Amino acid sequence: MVGEDLPDSAPGKHVPYGANPYYKPEPLPPKTDLTFDAAFYETLSEATFWLGKLGGFSLTVDFAPVLYTSLLRKEAMESSEIEGADIDYNALYSYETRSGASSTGQHGTELTDTKDVQEVLNYEDALEAGIERIGVGEHISLELLHSLHETLLTNVPADRRETETIGEFKRHPNHLGEFVPPVPGTVEGHMDALLTYIRTGGTYHPLIDIALTHYQFETIHPYGDGNGRLGRLLITLQLYAGGYLEQPNLYLSEYFNRFKDTYVERLEAVRYEGEWEAWIEFFVTGIRHQAEESLRRSRELRNLQSRYEETYGGYARADARLACSLFEQPYVTAALVQELLDVTGPTAYRAIDSLIDDDVLEETTGRERNKEYRATEIFEILEKPPQTY
């Protein structure tokens, strides 16, 4: 398609630029009316229904920190995996446990063991910062996006970044294969138009408009690197700002990750053929499934927490106190248990051994010394594959 004339249905045109022209997208909304069949509107209704159920659950349940952060963390992990990161829960929680970040509520300042861990933790920090700012009444703005972009790429090693420019728009053209997004000097105008569309409430149902704006952001590709992560983060911020989420606990990136090829193909089909409906159907279907997935997982975590409270709550024994604390600290060492429970080393080890016998904890390192333990059933819930698709 590069260099060829685009059909009239394409929502953009090629503009001569060096060896390859760049793509200039038309501003939103699409110039042609969108038409959907009855099946799509049923999916849209189901997506709204499940988002409502998820939001209602979030409001009625007193979430332990793990119920909040674990789903935010799942979104961060899945989004980073789309960009090629290779990471799992053990690595993340192990790093936090060893650095003392979990007990302070802040990530450590030193570099993480792996580049991938740093990217995931940055995504968490950016998402939490964005939610906090939207929550106090800020609008989605260029300044907010620049700030979140800087957070996403801070302390990411240079060999992992494709740009030296963070917290501001790209200074050099970038490429997605042969596709050349809008070039520097044109980006700000495109982004101003996009943010105006977001700020004025769009044209269609809010979930359709979020699908449109995600396409537009990824097509503009305004930054030198991190556009995929920031674009997916922006979806969560829009859902939160629109009242569809009470907490950032919708991990839509899991759906995009499972259907990565389709995700890319549908975006390209919009650029080159104007196939908006297929992209929007894919996007809304993802929201529908992931809202149900998030609700199911949240309920399972809450039910597990209730079972532990019933089994261990009210007892002064160290193992009982440790079991109930796992929903705030699901990954521990003996030293951390000593600190959490204010007990001696031998008492901490006895509590850990007791919960291993109850299949509540499991050792993760296989080492003789400096062992680490994780809450078996909590992580089983977090790590199991999607159940609705």
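Take 1 as the starting number for the sequence shown in the UniProt record's numbering and just add one per residue.
The beta-carbon is built from N, C-alpha and C at its ideal position, and this holds for glycine as well.
In this text the structure is predicted, and so the values were computed from the model without any measurement.
| query | result |
| --- | --- |
| Inter-residue spacing [alpha-carbon to alpha-carbon] between Q247 and T347 | 37 Å |
| Residue environment, A38, which counts as buried when at least 16 other CB atoms sit within 10 Å | exposed |
| Local conformation of S103 per DSSP, three classes | Because S103 sits at a pLDDT of 40, beneath the cut-off of 50, its placement in the model cannot be relied upon, and the point is left open. |
| Within 8 Å, strictly: CB atoms of residue 401 and E273 | Because residue 401 is not part of the residues shown, which for the chain are 1 to 389, the question remains open. |
| Residue span of the alpha helix (DSSP H) that contains K115, given as start and end | 115-135 |
| For G185, three-class secondary structure by DSSP | coil |
| Span of the alpha helix (DSSP H) around G226 | First-last for G226: undefined, no H or E at that position. |
| DSSP three-state assignment for A316, whether helix, strand or coil | coil |
| Sequence ranges, alpha helix (DSSP H) only - wholly within the region 263-291, length at least 4 | none |
| C-alpha distance - residue 474 paired with E281, whole-angstrom precision | Residue 474 is absent from the model: the chain starts at 1 and stops at 389. |
| Of the listed residues E328, F327, G243, Y349, nearest to A334 (C-alpha basis) | Y349 |
| Limits of the unbroken alpha helix (DSSP H) element including Y204 | Careful: Y204 lies outside any alpha helix (DSSP H) and carries neither H nor E. |
| Per DSSP, the bridge partner or partners of L176 | F179 |
| Length-filtered (4 minimum) alpha helix (DSSP H) runs lying within the region 32-79 | 38-60 |
| Cβ contact check for the region 256-276 and the region 148-157: 3 or more pairs under 8 Å | no |
| Nearest to M191 (by Cα), restricted to the options G137, Y251, H214 | H214 |
| Run of the alpha helix (DSSP H) containing L336, from where it starts to where it stops | 334-341 |
| Secondary structure of E310, DSSP reduced to three states | helix |
| Separation of E300 from G242, as counted between CA atoms | 27 Å |
| Residue closest to E138, alpha-carbon to alpha-carbon, out of E96, P157, Y240, V61 | Y240 |
| Residues near N249 by beta carbon distance below 6 Å, same chain, minus five either side | L71, S294 |
| Where L234 sits in the DSSP three-state scheme | helix |
| 7 Å CB neighbourhood of T97 in its chain, flanking five on each side removed | Y331, V332, T333, L336, E372 |
| Three-way DSSP call (helix, strand, coil) for H139 in this model | coil |
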